[in-house]
Amino acid sequence: PRSPHLTRRRVLRGLASVGLGTLALGGVGAAQAYHFGVTHHTRALPGLTRPLRVAFLTDLHYGLFIYGGSVRAWVDAANAARPDLIVLGGDQMDYRADEAPAALLAELRRLKAPLGVYGVWGNHDYGSFGKYYSPRYGPARADWPQRRESLRAAYAEAGVTILRNEGRAVREDLYLGGVDDLWVGEVDLGAALAGKPLAGATLLVSHNPDLLPSLPARLGLVLSGHTHGGQIRLPLIGAAVVPSRYGQRYAMGWVTGAHGTPAYISRGLGLSGVPLRNLCEPEVAVFTLTPQ
């Protein structure tokens, strides 16, 4: 079945339905689109033996309204937080990637964290590989699996390890798992968590938060993106369009998944569909996780 991608047509229809045409034409949303903030969160994570600082950057959407200068500023902000670990939440790319995105990878190479830099794929990454047709990406390509692996190798050479239904013990008290994209990938939670030890903390990264109702028990924290917080929000009403089967339930911020698992859904950094944001500031999210 066709995935419900957030398209220019859907966003503009949502804008029209709530009378936001003047907002778009007036440039107010465009002015908000490129001003980002750094949000700070403190949370206890069961199994940690000492504090951990994590920087979370998601939905960069490089290639669609976003280029090297924006990524450079986000990388600088993440490095300034002096994180122990950096995580990318998917949709790093948003264009047909006929070759490795040199400018994007040059900036990501500058990310510095002693425990490493890890990421997952999102649905727009798969469009960039050529898995599906879209008016912007063009026709689907039969060689998209090879392109995906070639780009994974390019990310690795730039210091970013992509976790696709797999995990790593990044510290003696922390297991980091990453799953494939829920819409157009092949999610395998069991594989992502197969190496999880009995003791210690677990952090799971899923680009799409719609996975939250399907989580197994005894997960510590989930980080997601994908929704952009709705990207265009209205006072009292909230988001005009949220690319989730659960509507605004998983639009942004702290939410709860299955078995009471806490999850944070970032508003993301880039732009999808249209170069507009309203009441939905892009964010680099920094987490100070403490033992419980």
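Mapping of the sequence shown onto my numbering: residues 1 to 292, in sequence order.
Glycine is no exception: its CB is placed at the ideal position from the N, C-alpha and C atoms.
Skipping 5 residues on each side, what residues in its chain have a beta carbon closer than 8 Å to that of residue i?
i: Thr22; result: A caution first: Thr22 carries a pLDDT of 42, below 50, which makes its placement in the model unreliable, though a value can still be read off. The answer is none, since no qualifying residue turns up.
i: Ala191; result: Asn165, Glu166
i: Ala143; result: First, the residue type needs correcting, since residue 143 is Asp and not Ala in the sequence shown. Once the five neighbours on either side are set aside, the close Cβ partners of Asp143 are Gly130.
i: Ala113; result: Ala55, Pro83, Asp84, Leu85, Ile86
i: Phe36; result: Ala73, Trp74, Ala77, Leu269, Glu281, Pro282, Glu283, Val284
i: Val71; result: Leu60, Tyr62, Ala103, Leu104, Glu107, Leu108
Does DSSP put residue i in a helix, in a strand, or in coil?
i: Ser224; result: strand
i: Val179; result: coil
i: Thr288; result: strand
i: Leu189; result: helix
i: Arg43; result: strand
i: Gly195; result: coil
i: Gly26; result: A caution first: Gly26 carries a pLDDT of 42, below 50, which makes its placement in the model unreliable, though a value can still be read off. Helix.
i: Tyr34; result: coil
i: Leu105; result: helix
i: Leu215; result: coil
Which residues mark the beginning and the end of the alpha helix (DSSP H) in which residue i is found?
i: Phe129; result: 123 to 129
i: Ser150; result: 144 to 157
Would you kindly report the start and end of the unbroken beta strand (DSSP E) that includes residue i?
i: Ala169; result: 166 to 171
i: Ala201; result: 201 to 205
i: Tyr133; result: First-last for Tyr133: undefined, no H or E at that position.
i: Val117; result: 117 to 119
i: Val160; result: 160 to 162
Mind reading off the beta-carbon distance from residue i to residue j? Whole number of angstroms is fine, and I expect it under 8 Å.
i: Gly195; j: Ala169; result: 7 Å
i: Gln231; j: Arg277; result: 5 Å
i: Leu52; j: Asp91; result: Their Cβ separation, rounded to whole angstroms, is 25 Å, which puts Leu52 and Asp91 out of contact at 8 Å.
i: Leu45; j: Gly220; result: 5 Å
i: Ala199; j: Gly47; result: 7 Å
i: Ala80; j: Ala154; result: Contact doesn't hold; Cβ gap of about 26 Å is too wide.
i: Leu189; j: Pro145; result: Not really, about 21 Å apart at Cβ, beyond 8 Å.
i: Tyr95; j: Ser128; result: 6 Å
i: Gly225; j: Asp59; result: 5 Å
i: Ser206; j: Ala258; result: No, Ser206 and Ala258 are not in contact; Cβ-Cβ is about 12 Å, not under 8 Å.
i: Leu151; j: Ala97; result: 6 Å
i: Thr49; j: Asp125; result: Not a contact, Cβ separation roughly 34 Å.
Taking 6 Å as the limit between beta carbons, can you name the residues of its chain near residue i, skipping five residues before and five after?
i: Leu279; result: Arg233
i: Asn123; result: Asp181, Trp183, Val184
i: Ala103; result: Gly68
i: Leu88; result: Leu57, Gly119
i: Thr42; result: Thr288
i: Phe65; result: Leu271, Pro275
i: Gly177; result: Gly167, Ala192, Leu193, Leu204
i: Val187; result: Val179, Asp180
i: Met252; result: Gly229, Ile265, Arg267
i: Thr202; result: Tyr175, Lys196, Leu219, Gly220
i: Thr290; result: Ala44, Pro51
i: Leu108; result: Ala158, Val160
Taking 7 Å as the limit between beta carbons, can you name the residues of its chain near residue i, skipping five residues before and five after?
i: Tyr250; result: Pro209, Asp210, Leu212, Thr227, Ser244, Ile265
i: Arg295; result: In the structure displayed, the chain extends from 1 to 292; residue 295 sits before or after that span and is not available.
i: Ala285; result: Thr39, His41, Phe56, Tyr264, Ser266
i: Pro139; result: Tyr133
i: Glu157; result: none
i: Ile162; result: Gly119, Val120, Trp121, Arg152, Tyr155
Uninterrupted alpha helix (DSSP H) stretches inside the region 47 to 95 (no shorter than 4 residues)
Entirely contained in the region 47 to 95, the alpha helix (DSSP H) runs reaching 4 residues are, in chain order, 68 to 80.
Could you give the uninterrupted runs of the beta strand (DSSP E) lying entirely in the region 222 to 278, keeping only those of 3 residues or more?
253 to 256, 262 to 265
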